[in-house]
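For reference, the structure is listed below as structure tokens.
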Amino acid sequence: MPPLSALKFDRAFAPLEAAIAAGRIPGGVLGVIEADGTKQVRHIGKAQTVPTERPMTEHTWFDLASLTKVLFTTPAILALADAGTIDLDAPLTTVLPDLRHYNPDAWERKITFRQCLGHQTPFPAVEPIYTYGRDPDLLRTFILQREWRAGPSVYSDINFILLGFVLERLNKKWIRELDAGPGFAWSANPQDAAATEDCYWRHRVLVGEVHDDNCSALEGAGHAGLFGTVHSVLDFARGLLDGTGASAQSIALMRQPVRGNRTHGWEKPYIGWSGGELCSPETIGHTGFTGTGLWIDFAAGRAWTLLTNRVHPTRHFDSGIFALRRAVGDAINGN
Numbered sequence: 001m002p003p004l005s006a007l008k009f010d011r012a013f014a015p016l017e018a019a020i021a022a023g024r025i026p027g028g029v030l031g032v033i034e035a036d037g038t039k040q041v042r043h044i045g046k047a048q049t050v051p052t053e054r055p056m057t058e059h060t061w062f063d064l065a066s067l068t069k070v071l072f073t074t075p076a077i078l079a080l081a082d083a084g085t086i087d088l089d090a091p092l093t094t095v096l097p098d099l100r101h102y103n104p105d106a107w108e109r110k111i112t113f114r115q116c117l118g119h120q121t122p123f124p125a126v127e128p129i130y131t132y133g134r135d136p137d138l139l140r141t142f143i144l145q146r147e148w149r150a151g152p153s154v155y156s157d158i159n160f161i162l163l164g165f166v167l168e169r170l171n172k173k174w175i176r177e178l179d180a181g182p183g184f185a186w187s188a189n190p191q192d193a194a195a196t197e198d199c200y201w202r203h204r205v206l207v208g209e210v211h212d213d214n215c216s217a218l219e220g221a222g223h224a225g226l227f228g229t230v231h232s233v234l235d236f237a238r239g240l241l242d243g244t245g246a247s248a249q250s251i252a253l254m255r256q257p258v259r260g261n262r263t264h265g266w267e268k269p270y271i272g273w274s275g276g277e278l279c280s281p282e283t284i285g286h287t288g289f290t291g292t293g294l295w296i297d298f299a300a301g302r303a304w305t306l307l308t309n310r311v312h313p314t315r316h317f318d319s320g321i322f323a324l325r326r327a328v329g330d331a332i333n334g335n
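Under full-length UniProt numbering, read the sequence shown as residues 1 to 335, first letter to last.
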């Protein structure tokens, strides 16, 4: 497929321009990359508006939020499976034997790596773990020993928090001591980073430190915490498009559904999904709460990322991010 035309890129950038002009989002960066490495990148708006103003640039660092799941944790877990270190269909207890170990029959002890990757577990969608304290060691123990309320399978951060624990145990290091990957880091220089929220409980505007409350309290976790620029995100995507960024088996699993629209770590297209209605069925994508997203269309040989600071200075505001993402995707993939 030919590279995205400049006209199409302009059309894809227009919804972001409109969102910023309407005061819904302070700033953003749109990037598109082809399998051959051809890039188009454009930025607009402010990286920070309070208490000081700074402009957005194409080199601004973003808190990537749940993109951590697919940019870091999923590839790391799949690499362990490649190496034979773990069996994706074995329970997490093969690495985390202390998971609910006071109750050998607990359902949590039967959860597998594959189920966590595909969000096919009974864990709750959200849990304010940070409200139980600030001791990261104690919070890890709390998560492992808690009798979790079971429910229907939903997208849950708990799945990837536990996968993060797996990486920590096997590497004998905390997440923040592990290599974040080329172009990525676990924090950013505040002068170079997009601001997120004016946090009620941390009593400051968060800039260059993780926005996710649970990740902050855990001092690193598998579900959030990664920082990067539009270039680091696009370069990661190209590695999946051209096969240099992971093994063929890992890439195949990222594209292979575990159940429904959930693959190993990623999502496939469905009606109303974040990547729009016009991408090919061979697309995978993921979003982040702070206003980030990445979509990779293997049939088109193209990926695009939309990075915004839509939670700045507060998450309690209708930023229109859901419609914005779809509009950008449809502009990129439409005629």
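We put the CB at the ideal spot given by N, CA and C, even for glycine.
Quick check for students: name the residue ranges of the beta strand (DSSP E) that lie wholly in the segment 255 to 295, counting only runs of 3 or more. 257 to 259, 283 to 288
DSSP state of A303, grouped into three classes? Position 303 of the sequence shown, counted from the start, is the residue given in the question as residue 303. In this structure, A303 counts as strand in the three-state DSSP scheme.
Inspect the CB distances between the segment 300 to 317 and the segment 27 to 41 and report whether three or more fall short of 8 Å. yes
What's the C-alpha gap between Q120 and V154? For the purposes of this step, residue 120 is taken as residue 120 along the sequence shown, with counting starting at 1. For the purposes of this step, residue 154 is taken as residue 154 along the sequence shown, with counting starting at 1. In a straight line, the C-alpha of Q120 is about 7 Å away from that of V154.
Integer Cβ distance of K69 from H223, believed to fall under 8 Å: On the sequence shown, position 69 is the one that residue 69 refers to. On the sequence shown, position 223 is the one that residue 223 refers to. 6 Å between Cβ atoms; contact.
Per DSSP, Q40 is paired with what? Within the sequence shown, the letter at position 40 stands for residue 40. The partner list for Q40 (beta bridge, DSSP) reads V32.
Could you work out which residue in L278, P313, L71 is closest to R326 when comparing CA atoms only? For the purposes of this step, residue 326 is taken as residue 326 along the sequence shown, with counting starting at 1. Of the listed residues, the one whose Cα sits closest to R326 is L278.
Contact check, Y132 vs F142 under 8 Å by CB: the rounded distance? Start at 1 with the first residue of the sequence shown, and residue 132 comes out as number 132. Start at 1 with the first residue of the sequence shown, and residue 142 comes out as number 142. Yes, Y132 and F142 are in contact; Cβ-Cβ is about 6 Å, under 8 Å.
D89 versus V205: straight-line alpha-carbon distance, rounded: Position 89 of the sequence shown, counting from 1, holds the residue named residue 89. Position 205 of the sequence shown, counting from 1, holds the residue named residue 205. So the alpha carbons of these two residues sit roughly 42 Å apart.
Cutting at 6 Å between CB atoms, please list the residues of its own chain near L117, excluding the five before and the five after it. Position 117 of the sequence shown, counting from 1, holds the residue named residue 117. Contacts found: H264, G265.
Exposed unless 16 or more other CB atoms sit within 10 angstroms - verdict on A12: Taking the first residue of the sequence shown as 1, we reach residue 12 at position 12. A12 is buried by the Cβ-count criterion.
Thinking just about the alpha-carbon of each residue, which of G276, F317, D192 is nearest to the one in A47? To locate residue 47, count along the sequence shown from 1; it is residue 47. Out of G276, F317, D192, D192 has the C-alpha closest to the C-alpha of A47.
Label M254 either buried or exposed according to how many other C-beta atoms from any shown protein chain fall within 10 Å of its C-beta, with 16 as the threshold for buried. As a position in the sequence shown, residue 254 is number 254, starting the count at 1. By the neighbour-count rule (16 or more Cβ atoms within 10 Å), M254 is buried.
Closer than 8 Å is the cut-off here; do at least three beta carbon pairs connect the segment 285 to 292 with the segment 56 to 70? yes
Could you pull the DSSP bridge partners for W61 from this structure? The residue you call residue 61 lines up with position 61 of the sequence shown. Answer by DSSP bridge pairing, in chain order: A193.
In three-state terms, what does DSSP make of R315? By one-based count along the sequence shown, residue 315 stands at place 315. In the structure shown, R315 sits in coil (DSSP, three-state: anything other than H, G, I, E or B).
Based on Cα-Cα distance, which residue from F165, P152, P51, V41 lies nearest to D98? The sequence position of residue 98 within the sequence shown is 98, counting from 1. With distances taken between Cα atoms, D98 lies closest to F165.
Assign T52 to one of three DSSP states: helix, strand, or coil. The residue you call residue 52 lines up with position 52 of the sequence shown. Note: T52 maps to coil in three-state DSSP.
So, for residue 339: in the same chain, excluding its five sequence neighbours on each side, which residues have a beta-carbon less than 7 Å away from its beta-carbon? Residue 339 lies beyond the stretch modelled for the chain, which goes from 1 to 335, so this question has no answer here.
Three or more C-beta pairs closer than 8 Å, one from the segment 93 to 111 and one from the segment 136 to 151: is that the case here? yes
Considering Cα atoms alone, identify which of D10, F113, D198 is closest to R310. Looking up residue 310 in the sequence shown gives position 310. Among D10, F113, D198, the Cα nearest to that of R310 is on D198.
For G334 and P269, I'd like the C-alpha separation in whole angstroms. The count along the sequence shown starts at 1 and reaches residue 334 at position 334. The count along the sequence shown starts at 1 and reaches residue 269 at position 269. Going from the Cα of G334 to the Cα of P269 covers about 15 Å.
At a Cβ threshold of 9 Å, is R140 touching chain D? Given the protein chain composition of this structure (a single chain), no chain D is represented.
What residue from K172, M1, W186, A195 has the CA that sits closest to E53's CA? Residue mapping note: residue 53 aligns to position 53 of the sequence shown, counting from 1. Considering only alpha carbons, the answer is A195.
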